[in-house]
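Take a look at the structure below.
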Amino acid sequence: RKTALRQLSEKATLFGAGPLFDQILPLLMAPTLEDQERHLLVKVIDRILYKLDDKVRPYVHKILVVIEPLLIDEDYYARVEGREIIANLSKAAGLATMISTMRPDIDNLDEYVRNTTARAFSVVASSLGIPSLLPFLKAVCQSKKSWQARHTGIKILQQIAILMGCAVLPHLKSLVDILHHGLVDEQSKVRTICALSLAALAEAAHPYGIESFDVVLRPLWKGVRSHRGKVLASFLKAIGYIIPLMDSGYANYYTREVMQILIREFASPDEEMKKIVLKVVKQCVATEGVEASYVQIEILPDFFRQFWIRRMALDRRNYRQLVDTTVELANKVGSSEIIGRIVEDLKDESEPYRKMVMETIENIVSNLGASDIDVRLEELLIDGILYSFQEQTGEDSFTMLNGFGTVVNSLGARVKPYLPQICGIIKWRLNNKTARIRQQASDLISRIAVVMKKCNEDQLLGHLGVVLYEYLGEEY
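For the sequence shown, position 230 (counting from the first letter as 1) is numbered 228 according to this note's numbering, and the numbering increases by one without interruption.
Below is the structure:
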């Protein structure tokens, strides 16, 4: 393979672009291609591009047709390899060739083609520099001919922000100026992608660059009050990413304003809207200017009523976002305020829901400690944790074990009165006929042994040690 690779790259100019690409590109299109083989072909193309330089120009379109689908591949490495080839191709062929080749695809009627083209253009921008593409992007984003072109132009900006991260900062003002007209476009799809692009730019620029977003604040604000559905979700997402860039005074004002709309949307049945609302609440609450009393009175009652329901635990993305947002709320208003509202749910009959409650409590306690948990809440917490630990039936006991360990370790010496009960349950479960339950019980001992030592429960520890030793011979 190495010899073949060396020969191909050394004699690339001799063979010429035509014969080489006519052989290699069909191989890349083969449906049976494995990852290792694809990686090898990508390597070959990389070397050849470097040698051929501007002689590849007639083949740019052919290469792009084969490589662009890699940019939206499920496999991360396939996407990286696709980006690598397009970056090298744009250096070899030059900006003018890349633009003239991909220009027809920008207003293609097929959304798949437009999507891959936008991603390819973002790679060109990252390899040849954003400034060189700005005049072209400006023309595309303000195209009068078709809304598809405007949509793709704005999507290119979104992809640039995602791909290049904080490297967009020097050009942020120009990029926002190019796309802000899209917020008032007559096509709802263009308005949506425009707001999503602003969100991506604000995320990439965080915590800088608020002055670049001045021009979009008013249209975003108007849009949030008048739109519904997907467009509203994208506008909320943009505001959610822009608020953390503001000074605390402004952030507080904008949070209070947008919160009325967010609270209204808590009840939305749309899953995508739910995720965005949760994310925006998290971002708003995390900003400095927002007071704990405001969060406690205005947000918490509706938040728990609409979001802390069993259905949220069934969708992985909702689950993750809800846990993160609730932990952020606890950072603002204190742990006991939040734990007090969900501790009873540790005894809920739905196991995924109990797991979500446990993970949230674990994250809150590991962040903030257990100092403001009073005696009553402490009793409810230990009781709930013991119940959910004993009732677990799923394969994954990691969340319960971790949660149990974190809470007990945070409470420290306050756990002493509960230790005999905990150890009784452990011994009972060590005697269970199911291997997995015995394993969970012994895992739990490892999580709480340190606390037992702190509480001077040496006798209990010794007893557990003897029990473990006696059972050791029976395990295999």
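Even glycine gets a Cβ: it sits at the ideal position worked out from N, Cα and C. Note that the structure is predicted; figures quoted are calculated from it, not measured.
No residue range can be given for Arg309, since it is assigned to no alpha helix (DSSP H) and is classified by DSSP as neither H nor E. Going by beta carbons, Phe134 and Ile97 fall inside the 8 Å limit.
The beta carbon of Glu66 lies closer than 6 Å to those of Thr114 and Ala118 in the same chain, with the five residues before and after it left out. Straight across, the Cα-Cα distance linking Glu472 with Thr432 is about 13 Å. With a cutoff of 8 Å on beta-carbon distance, Glu349 and Gln304 are scored as not near each other. The count of Cβ pairs closer than 8 Å, one atom from the segment 367 to 378 and one from the segment 417 to 429, stays below three, leaving the stretches out of contact.
With the rule of 3 Cβ pairs closer than 8 Å, the segment 65 to 79 does not count as touching the segment 123 to 137.
Counting only the Cα atoms, Val449 lies some 30 Å from Thr323. Under the three-state reduction of DSSP output, Pro205 falls in the coil class, being neither helix nor strand.
Remark: fewer than three beta-carbon pairs, one from each stretch, lie closer than 8 Å, so the segment 379 to 386 and the segment 424 to 431 are not flagged as touching. Distance check between Gly367 and each of Arg412, Gln457 and Val63 places Arg412 closest, using alpha-carbon atoms only. Note on geometry: alpha-carbon atoms of Met244 and Glu289 lie some 16 Å from one another.
By the Cβ neighbour-count rule, Phe301 is buried, with 16 or more other Cβ atoms within 10 Å of its own. Per DSSP, Asn454 is not a residue of any alpha helix (DSSP H), being assigned neither H nor E.
Annotated as distal: Ala197 and Lys136, with beta-carbon spacing of 8 Å or more. For Gln5, the uninterrupted alpha helix (DSSP H) segment begins and ends at Lys0 to Glu8. Met257 sits close to Cys282, with the two beta carbons spaced by under 8 Å. Secondary structure note for Tyr351: its alpha helix (DSSP H) is the uninterrupted segment Glu349 to Leu366. Judged by DSSP in its simplified three-state form, Pro102 adopts helix.
With a 10 Å radius around the Cβ and a threshold of 16 neighbouring Cβ atoms, Pro217 comes out buried.
Every alpha helix (DSSP H) stretch that sits fully inside the segment 22 to 91 and reaches 4 residues is listed by chain position as 33 to 50, 58 to 65 and 74 to 91. Residues of the same chain with a CB within less than 7 Å of the CB of Val341, apart from the 5 flanking positions on each side, are Leu375, Leu378, Leu379 and Gly382 in chain order.
The segment 90 to 104 and the segment 46 to 60 touch, with three or more beta-carbon pairs separated by less than 8 Å.
Taking C-beta atoms under 8 Å as the contact rule, Ile241 and Thr285 qualify, at a distance of about 6 Å.
In this structure, Ala200 sits away from Cys164, with a CB-CB distance that is not shorter than 8 Å.
Put simply, the backbone Cα of Thr358 is about 45 Å away from that of Ile104.
Excluding the 5 residues flanking it on each side, Asp346 has same chain C-beta neighbours closer than 8 Å at Arg308, Arg352 and Val355, in chain order.
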